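Taking it in order: structure first as C-alpha cells, then the write-up.
Residue numbers (this note's numbering), protein chains in the order written: chain A, 1 to 492; chain B, 493 to 1058; chain C, 1059 to 1395; chain D, 1396 to 1526.
See the structure below:
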C-alpha cells in the first residue's frame, strides 16, 4: 500500500465525502470526517518522510505513462504543503462540531462536513497533482465547495461575499484554464514536468508570455494578492468561523504553492524571472499589499475582518520573499506558508470560540474577555505576537529568513520597510489586547464562560506548535530549505 | 549538576506563576524568597556557558556567566529583593507580577550570551516595566506609559535590525565585543543608547519614571538603564565616542535637575547624570575605567534606589512630590529623613559612602588616560550632583520652609527596605574591597588614599559652602512653584548674563524637543487609537465585484503590456 | 466557411446580450449562444462536446436561469455605473491579447505542436490499448479517468452546494397545500401532458442508448445523465413538483448521487486491491482489453448516476424555492386583500 | 492568412465581452450570464485548436486517416461540466440574495450593507460614549 500513498492522500477524503451523505447522523459524520482527515494527515507525514529520504515520488494514475496519463508527482514542496493542509484541516475539524452547533442550522450539518471534506480534497488534489489540467479540476472542486461553505454564514452578508467570491474565483480559475490552454497549444502536453522540458524551446513567443500572464493573474486572484484581494475580507469575515479558520490557514497557501509551482517548475526560473518583469512587479505589489492591508486592519471593527486583512498583509510577505528568486527568499516564503498556517489557524479558531460564547466578534464585544476567557484570549495574543514576529514564535523565524534574504541581496531599504510593516501589526494586535485586557466589559453584557475543551484542545495544539516551531526550527527550516533548493535545482 | 543550567531569570518567571496562584502572606513570602533563593543559586554557579542550543543556523547561548554578567546579576538580585520588600504592603497583583517579570527580564538580559536572546529580554524589559507605570491607573500615566513603551520597543527594533546586519556580516549571533566599524555596530549602539538615555534620547526616562507608582519607580530606576550600561560595557569598551557622550550626560541633566520641581523627576535627571559616569568609564575602556563603570553601576542601583524609595515614601505618605509643596517633614518622618540623607551622601560621593569608592575610579581613569577636560566636566558634574541630589532633595522634602504637612514615617517594610539599602551604601563605602573582589579586573585600586579623599572632600566642602552662602543670601535653592521653565528673576541675578542666555537656549531647545516629541507621540497614539473616520470608511468599504473584476483586467493588461514591451 | 459564419453569429449574439435589458431575452439569447457554439463544435468535429454543450449550455442552464428569473424579476436596472472605463480597459486588454495571437499556430494546421505530441498516441494506439473506437471516450474514461472523476466530484459538489443553499425544510401540511394549487395550474396543459407522457419512455430509452453507445459514437455517462434528468424534469414541469417527488424520492436521489461517485471511486480502489495503480483497468479482468471495457462501463455508470441525480437535485431545489416564493406571495396577497 | 487566426480573435472578442458584462453590469443574473459567455469563449478556443484541416471527429473508423485532436475535447467536456456547476451554484446564491436583500442589483445590495455597517458603527460609538 505504501506505493499508493500519493493517491490515497487525495482519495480518502474524497471517498469519505459521499459516504458522509449515507451516514446521515451529524455526530457520526463529524467523527467519520475527522478520521478521514486524520488519515490524510498521517499519510502526508509518511509521504514527507518518504520524499525526504528517497526523493521525488511519481505515481501514474491508471497505469498510463506520464504525458499520456495523469501523473501525481510528489516532491519536497508538495509533501510540505500536503502536510500543512491536511494537518490544519484535522485540527480545525476537531472543533467543528461544537462551533457549527450555533452557527449552522441542524439540518445542514451533514452537508457542511461533506463540503468541508470536498474542499480538503480539492486542495490536496491541487497540491499533489503533476498535471496542469488536473489542477484546474481540483481547483474547481475546492472553490465550489468553498463558495457553498462561505454562504453558510449566519448573516446575509455571507451570501453576498460568497457571490463575489464566486465571480472572482471563476474568473481566476478560467484565467488559469486559458493559460493552460495556451501553453498546451504551444507544447502539446499537459504534464508539468513534460511542460518544463518543452517550454524553453518556444519560450520567446508572445503566446507563452500571454499564457504566463493569464496563469499568474489567475493564481494571484486566488491567493488574494494586492490589488486582487478585495474579495477576501468579506469572504473570511462572514463565513462560518470554522470555515474561516480552515481557509485562512490553507486556501491561500495552496494558491501560493501554485504560484511557486508554475513559475519555478513549469515555466522555469530563467523564463519567469528574466523574460518578464516579475521581480519588480511582485516586490512592489507585495510591499504595497503589506502596508495597505495592515493599515486597513488597524481600522477594522470586526475582529474577523481585522485578521482577514492581516492575512492579506502576510501574503504580501510571502510575495516579497518569492519575488527575490533566491533560495533564502523562497525558503522564507515556504516557512511563512507553514508558520502563517499555524498562527492564523490558531487565531481564527480562538475567534470561533469567542463567537461560540459571545455570539459576536466586534472589537467592542471583546471588552473584558481577557478575564472571562483567559485561555482563549491568551491564545489570540500569542497568535498575534507570532503575527508580529516576536522571537520564540514561528512568526519570528520566517521574518528572520525574509530579512536575511533581503539583506543578502542588498535590498536593505525593503528590509526596513518590512520591519515597519511589522510595527503596523503591533498596532492592530494591540487594539485587541487593549480591548480584551484594558477595557471594562460593557454594562449590558452578560458574563461569559471559558470556551469548551473541544475548542481549547485544537487552539492550544496550534499555539504550542507556534511556540515549538519557533524554538526548535530544525524540522520546518530543514524541509523548507530542502524544498527551495530542489526547486532551484530543477530549473537551473 | 543540572541546577547549573537553570538561568537566573527562570526562578523569577516561575515565581510569578506561583505568585498568581497564592494570596496574602504566602504570596509575600514567595516574593521575598524568590530573589533570595535565586541569589544563592547564582552564587554557586561557576563561570562559563551553561546553556546552548541551535536556532536557525546559529548557536544561541541564553545563559552565559562571566565576571561582568555575574556582577550585574548580584546587584539585580539585591535590587529586586529591596524593591520587593519595599512594596510588600501593596495588594496590587499587576504591579507584583510586572515587577517580578521585570526583574527576571533584566537578569535574562545580562546573562544573555547572544544578541537574539538579548533582544528578547530587551523587549520583555519594556513590556513588563510599562505595567509599573500603568499601575498608577490614571490617564496621564497611561499616556506616559504608552510613550515609554513606543520608545522602548523602537530601541528593540533597532537592536533587531542591528542584530540582523551583525548576523549577516559575521555569521554569528554571539554577544561579545562589537565595536563601531560596521553599520551593525552603529545600529546596536543606537539601540543601547536609547535605553541608556543618551542625550536627546533621554526624554523617555524623565517623562515616564516620575509617572510610575511610588514602588514602581524603584524597580524602574534599578534595571533598564543598568542593563544598557552592561550591554555597552560588553560591546563597546574603549569606544571613544562614549567618553564624550558620557561626559555630556553627566553635565546637561544638572541644569534641568536644579530647576525641576517634581522631586522624582529631579532624581530621574540625576539618574542620567550617574549613568553618564558609567558611560564615560566604558568609553575610556581601561581596566580601571571599566571597573569604575561597573562598580558605579552596582552602587548606583543601590543608592539611587534608596533615594527613589525615600521619595516614594514621601509620595506614599503625603500624596505629593513637588518640592514646592513639601518641606519640614523631618519632624514627623525622622527615619526617612536620615535614610534619605545616607542616600544623598552616597550619590554625592562622600568618603565612607558607596558613591565615593566607585566614582573616584572613573575620575582617576579619566586623568590617567589624559582626558583632562573630561575630568573637569566630571568634577563639575560631581559638584552638580551634590547640589541637586545631595542637598536639594533632602532639603526640599524634609527641611526648607514648613509646608505644614504632618505625615508619619512610612510602613515598616518600606523603612526596612530603605535600611537595607542604606546599610549597603555605608558598608560598601567603608569596606570597598568586598565590592572590588567582584569586579571584572584586578587593579589593586584603593580609593582611600590622601589625594582622593582630600580632593573629594574639598570639592564637597566648597560646594556646600556655596550652597550655604547662596542659601543665606536667599538666592538658592529657588523655590519654583511649577515645572515651568521660565527664568526666575532671582536666578537671573545669581548667574552671569551670558551663561544664563546659553542655558535658556538649552532649556528652550530641550523643552521644544521634549514637547514636540511628546506631542508627536501623542498624536500618533490618538491617530491609531481613535478611528480616523475618513480613512476608516475608505479602507473598510465594500467593493462591488465589478470593480474587483476591473482590477483583474487592469492587472492582466499591465502584465501583458510589460511582457510584450520587454 | 460555416464555422466563420457561426463565429460571427456568436459575436453578434454576445453583443446583443450586452445590450439587452430584459433578462428573459438575455437568457434566451444565452440559450441561442449555447446552441450556436454547439453547432460550431460540430463543425470542429467535436461531436461529444457539441452534444454536451447543447444539453447543458442551451438546455439545463437556460432552464435554471428562467426559473431564477421567475423568482427575481426579469428587468435589469439601468445602472449609474459609467461603463466607459470598463470598456476602455476591456478594449486595451483585448487589443493586447490579439497582438499576442500573432505567433500562435494557425487554425487547422496539422503541424501544430498539439498534434505532434501526446495526442498521436491516443489516435494510433488507443484501439490496441483500450479497445474503444471513440477516442474521446477512451481518453476521458481511461487515459485521463482521474480528470473525469474530478469532474464527477465537481458535479457532486455543486449538487450538495445547491442543496445547502436552497433546500427548504418543509412540513407535511404545507406540502399538501402547495401541491393542490400546483396541480390545478397544470390542468390546462392537457395536450402537452399526454404527448409528454408518451415521450418520456422514449427519452429514457434514448438516455440508455447514449449511456451504452458512448464507446462507439458520441455520448457517454454525462450526456446520458443529463438526458435522463431532462425526462424527469419534463415530467415534473408538467405534472407538478409533488407528483414528481412522489415518483422520485428526494433522499433517494441524493443517495444515488453519492453512489455514483462511490461507484466511480471504487473501480479505482478495486484496481488498487489488484495490485494495479488507481484506475488501472487492465487488472480488473484477466484480459487487459476486457478489463478496460469493464472499467469504462462501470465508471460511465457512475458518471451517469451522479449527473442525472445531481441535475434532478438542482432542478428540484430551484423549483422548490420557486414554489415557495409563489406560495408566499399568494399568502401575502390574500392577507392584503 | 487573415482567416487563419480568425478563431482566436473571435475568442478574444467573446472573452472580453463576457468580462465586460461582469465588470459593467450590476445585475447579478447578468453577471452570471457574462461569466457563461466568458467561459464558453474558452471552450471555443480549446476546440478550435483541436481542429485539423481535413480531419474528422475522433471516432475510429477503417477508412479515415486524419482525425481531430481528441484531447482538447476531453478537457472541454470537463470544463463544460465545471461551468454548469458554477452556474447552478451562482444562481442559487442569487436566489438567496434576492430573499435576503430583496434585490439582485449590486448597487442596492452594497448600499444596504454599507448602511448596516454605518448603523452598527453608529450604535457602537454611542455605546462606547455611554460606557
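Beta carbons: idealized from backbone N, C-alpha and C, even for Gly. Only a predicted model underlies this, so the values are computations on that prediction, with no experimental measurement involved.
- Proximity of residue 1430 (chain D) to chain C, defined by a Cβ-Cβ separation below 8 Å, is not satisfied.
- Residue B:548 holds the alpha-carbon nearest to the alpha-carbon of residue 475 (chain A) among B:596, B:632, B:812, B:548.
- Rounded to the nearest whole angstrom, the CA to CA distance from residue 160 (chain A) to residue 1045 (chain B) is 22 Å.
- Residue 551 (chain B) carries a strand assignment under DSSP once its states are collapsed to helix, strand and coil.
- Identification of chain B residues near residue 168 (chain A) by a Cβ-Cβ cut-off of 9 Å yields 1037, 1040, 1041, 1044, ordered along the chain.
- Within the same chain, 226 come within 7 Å of residue 288 (chain A) by CB-CB distance, once the 5 residues on both sides are set aside.
- Collapsing the DSSP output to three states places residue 72 (chain A) in a strand.
- Residue 218 (chain A) sits in a helix when the DSSP states are folded into three classes.
- Closer than 8 Å to the CB of residue 1052 (chain B) there is at least one CB belonging to chain C.
- Inclusion of residue 259 (chain A) and residue 484 (chain A) in the CB contact set at 8 Å is not warranted, their separation being larger than that value.
- Going by beta carbons, residue 61 (chain A) and residue 1332 (chain C) fall outside the 8 Å limit.
- Beta-bridge annotation (DSSP): residue 1451 (chain D) is paired with D:1462.
- Between the alpha carbons of residue 1278 (chain C) and residue 1195 (chain C) lies a distance of about 8 Å.
- Residue 825 (chain B) sits close to residue 900 (chain B), with the two beta carbons spaced by under 8 Å.
- A straight-line Cα-Cα distance of about 16 Å links residue 1316 (chain C) and residue 1327 (chain C).
- Within chain D, the residues whose beta carbon sits less than 9 Å from that of residue 181 (chain A) are 1437, 1440, 1441, 1444, 1467, 1470, listed in sequence order.
- If you ignore the 5 residues before and after residue 403 (chain A), its C-beta comes within less than 7 Å of the C-beta of 415, 418, all in its own chain and listed in chain order.
- At the C-beta level, residue 743 (chain B) and residue 717 (chain B) stay beyond 8 Å of one another.
- CA-to-CA, the gap between residue 189 (chain A) and residue 1076 (chain C) works out to about 36 Å.
- A Cβ-Cβ distance of about 6 Å is found for the pair residue 587 (chain B) and residue 624 (chain B), placing them in contact under the 8 Å criterion.
- Under the three-state reduction of DSSP, residue 446 (chain A) is assigned to coil, being neither helix nor strand.
- Within the region 1147 to 1174 of chain C, the residues whose Cβ lies closer than 8 Å to some Cβ of chain B are 1147, 1148, 1150, 1151, 1154, 1155, 1157, 1158, listed in chain order.
- Ranked by how close their Cα comes to the Cα of residue 1407 (chain D), the residues D:1434, D:1448, D:1426 have D:1434 in first place.
- In this structure, the alpha-carbon of residue 694 (chain B) lies about 27 Å from that of residue 833 (chain B).
- Closest in alpha carbon position to residue 680 (chain B), among B:918, B:720, B:1052, is B:720.
- With respect to the 8 Å criterion, residue 1176 (chain C) and residue 1414 (chain D) are not classified as neighbours on the basis of their beta carbons.
- Within the region 614 to 690 of chain B, the runs of alpha helix (DSSP H) at least 4 residues long that lie entirely inside it are, in chain order, 631 to 662, 675 to 688.
- In the DSSP secondary-structure assignment, residue 1292 (chain C) is not bridged to any residue.
- As the crow flies, the alpha-carbon of residue 1419 (chain D) is around 22 Å from that of residue 1484 (chain D).
- By the neighbour-count criterion, in which 16 or more other beta carbons inside 10 Å mark a residue as buried, residue 829 (chain B) falls on the buried side.
- Between residue 13 (chain A) and residue 1214 (chain C), the CB-CB gap reaches or exceeds 8 Å.
- Contact fails between the region 776 to 785 of chain B and the region 903 to 911 of chain B, because fewer than three Cβ pairs, one in each stretch, are under 8 Å apart.
- The region 1082 to 1094 of chain C makes no contact with the region 320 to 329 of chain A: fewer than 3 CB pairs, one atom from each, lie closer than 8 Å.
- Sequence-ordered contacts of the region 171 to 196 of chain A with chain C read 184, 185, 186, 187, 188, 189 [C-beta pairs closer than 7 Å].
- The straight-line gap separating the alpha-carbon atoms of residue 219 (chain A) and residue 133 (chain A) is approximately 14 Å.
- Annotation for residue 145 (chain A): the continuous alpha helix (DSSP H) segment containing it runs 132 to 151.
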